[in-house]
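Letter 25 of the sequence shown, counting from 1, is numbered 26 in the numbering used here, and no numbers are missing. Below is one structure, written out as structure tokens, with a few remarks after it.
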Amino acid sequence: MSAEQEHRLLESTKQSIGDVARVLGELESRQMKPPQQEALRTAKNFLDQARSALDQRDYQRAANLASKARALTDDVASATK
């Protein structure tokens with residue numbers, strides 16, 4: 002991966018992590034059923050792992066984990082509207 006590609010991946014991953022963290026914060030105040038609460042916990046775990054991967058400069062892994070967290074938060078958000 003070129004330095005430019007790595008930089009783009011880093012920036013998009015940081016953006017994704019920030020977006021997911023914001024949505025997680027919004028979702029925490031909603032009433033949820035146990036499966037949705039579990040999905041939210043899993044999303045938080047993925048987000049923590051993504052941040053850790055970012056710190057280790059494993060940008061691809063961080064992006065994948067952030068994507069998984071995003072998918073879960075999107076599902077919970079649509080189920081708790």
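From the three backbone atoms N, C-alpha and C, an ideal C-beta is built for every residue, glycine too. Nothing here was measured: the structure is a model prediction, and the numbers come from that model.
ALA70 to THR43 span [Cα, whole Å]: Here residue 70 refers to the residue found at position 69 when the sequence shown is read from its first residue. Here residue 43 refers to the residue found at position 42 when the sequence shown is read from its first residue. Cα to Cα, the separation comes out at about 8 Å.
Whether ALA80 touches GLN37 by CB criterion (8 Å): Walking along the sequence shown from the start, residue 80 turns up at place 79. Walking along the sequence shown from the start, residue 37 turns up at place 36. In this structure, ALA80 lies near GLN37, with their beta-carbon atoms less than 8 Å apart.
6 Å CB neighbourhood of MET87 in its chain, flanking five on each side removed: The first residue shown for the chain is 2 and the last is 82, placing residue 87 beyond what the model contains.
Contacting residues, own chain, Cβ-Cβ under 8 Å from LEU73 (five flanking each side not counted): The sequence position of residue 73 within the sequence shown is 72, counting from 1. For LEU73, the CB contacts under 8 Å within the same chain, skipping 5 residues up- and downstream, are ALA40, LEU41, THR43, ALA44 and PHE47 in chain order.
Boundaries (first-last residue) of the alpha helix (DSSP H) holding ARG58: Numbered from its first residue, the sequence shown carries residue 58 at position 57. ARG58 -> no alpha helix (DSSP H), and no H or E assigned at all.
Cβ neighbour criterion (16 or more within 10 Å) applied to SER17: Counted from its first residue, the sequence shown places residue 17 at position 16. Buried.
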